[in-house]
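Quick note on our numbering: the sequence shown kicks off at 50 and runs consecutively.
Cβ coordinates follow ideal geometry from the N, Cα and C atoms, glycine included.
Reviewing the structure listed below.
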Amino acid sequence: MDDPTGMTTKKKPTIALLSAVINMQYLADAFEQVAPGIDVRHGADLGALEDIDVAVCWFPPHGRLAQLPRLQLTQSLAAGIDHLLADPDLPRGTPLCRIVDSTMAAGMKAYVSWAVVQQHRGMRAYVASSAAGRWEEQPVVSPRSHRVGIAGLGTLGLACAEALATIGYQVRGWSRTAKADLPEGVTGFHGADQLDEFLSGCDTLVCLLPLTPETKGFLNASLFARLPRGAHLVNVGRGDHLVEADLQPALDSGQLSAATLDAFSQEPLPATHPFWADPRILVTPHIATRTDSRVIARQTLENLALLQQGGRPAQLVDLARGY
Ligand code: NAP
Ligand code: GLV
50 MDDPTGMTTK KKPTIALLSA VINMQYLADA FEQVAPGIDV RHGADLGALE
100 DIDVAVCWFP PHGRLAQLPR LQLTQSLAAG IDHLLADPDL PRGTPLCRIV
150 DSTMAAGMKA YVSWAVVQQH RGMRAYVASS AAGRWEEQPV VSPRSHRVGI
200 AGLGTLGLAC AEALATIGYQ VRGWSRTAKA DLPEGVTGFH GADQLDEFLS
250 GCDTLVCLLP LTPETKGFLN ASLFARLPRG AHLVNVGRGD HLVEADLQPA
300 LDSGQLSAAT LDAFSQEPLP ATHPFWADPR ILVTPHIATR TDSRVIARQT
350 LENLALLQQG GRPAQLVDLA RGY
């Protein structure tokens, strides 16, 4: 059997699984499947900290990474790395990788396509009609007449843009830098200078930006005012992209017609949060996509092996850029 982790001839690395918010046992099980017998530690007692070669993280306890003297790789178990940058003591000299994975992209394509279609075709009304036994039509509007804009044309944004264009939606995307070779049917915009032109053609706006100091609060009243009246907002980025206090006033005024939100400033969204009771807001619990835990384990070991050989993993994050 081939061994892309390069571990058959070397000492197996010691892995720490760090999270202040979730139980990492599922990931320990995945490492055991991918590399049987590997030393994986998690929970409060990590044993001798100088043993640890790699930390796989989702909101690690602040200061923990800085206590690992022989850390060779910080691995995000997610596409985003904002949960790591939030640690003021993040060891910035240690290579940091994120997950880039086709199954994660497929999940995001499915979620975003659903979010766009369910609102554009009035599917929630059919759920109510069906439950009530009523034969009731909603307007059947062609995808070709609906413009979807995707803010963030990276790995996930591009995959969603291509999927929506294949369905037949008019698709546009916005990124920091100009994009060559966009998928057929996708129009590109970039930078602050082209933001207004991009927004003016978004009947649905999908946020797939990384959370950085530049993008925090991107979804705010001023931005909503630059969308076509009655636009639908889909946020599958991070909760802090949205200025939550600006959303319901924009819905009340009719500037926005609906919002489909998968990420929130506080997760789980508190039971008393006003978004739950608002029928114009569809809340999902940060499930737009996931990565198979064995893919996380395998990518981690491959990244480490490549770094040890002096290579540069494709998923290495540019910390100066912040994503
Ligand atoms: P990515 O490949 O790094 O792409 C990020 C995109 O955002 C790039 O196109 C980048 O522009 C653009 N961008 C960054 N800063 C910008 C700015 N200031 N102005 C304009 N555009 C900017 O990231 P990804 O893998 O697609 O993931 C995107 C985000 O999705 C993650 O960071 C995470 O927050 C979120 N996510 C959510 C879920 C969920 O389940 N809800 C799951 C996975 C990921 P350039 O192309 O010019 O660099
Ligand atoms: C999930 O939110 C991710 O960033 O992968």
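- Non-local beta-carbon contacts of L231 in its own chain, meaning distances under 6 angstroms to residues more than five positions away in sequence, involve G237 in chain order.
- In the structure shown, G222 falls within a strand segment according to DSSP collapsed to helix, strand and coil.
- By the C-beta criterion, the segment 208-226 is judged to be in contact with the segment 244-262, since at least 3 inter-stretch pairs fall below 8 angstroms.
- Closest option to R343, judged by alpha-carbon separation, among T123, E351, C251: E351.
- Taken through DSSP and simplified to helix, strand or coil, V89 comes out as strand.
- The three-state reading of DSSP puts Q74 in helix, counting H, G and I together.
- If you draw a straight line from the Cα of A280 to the Cα of M172, it is about 16 angstroms long.
- With contacts defined as CB atoms closer than 8 angstroms, L368 and L122 fail to qualify as a contacting pair.
- The residue from I130, R347, P319, G288 with its alpha-carbon nearest to that of R141 is I130.
- Around the beta-carbon of G201, 16 or more other beta-carbon atoms lie within 10 Å, marking it buried.
- In the three-state scheme derived from DSSP, where H, G and I count as helix and E and B as strand, V105 is classed as strand.
- According to the DSSP secondary-structure assignment, A65 is paired through a beta bridge with R90, A104.
- For the set T143, Q364, T63, A104, the Cα lying nearest the Cα of G86 is the one of T63.
- For G129, the Cβ falls inside the 7 angstroms cut-off from some heavy atom of the ligand GLV.
- Placement of the Cβ of A93 at a distance of 7 angstroms or more from every heavy atom of the ligand NAP is found.
- In the three-state scheme derived from DSSP, where H, G and I count as helix and E and B as strand, I148 is classed as coil.
- For N352, there is no enclosing beta strand (DSSP E); the residue is found in the alpha helix (DSSP H) stretching over 342-357.
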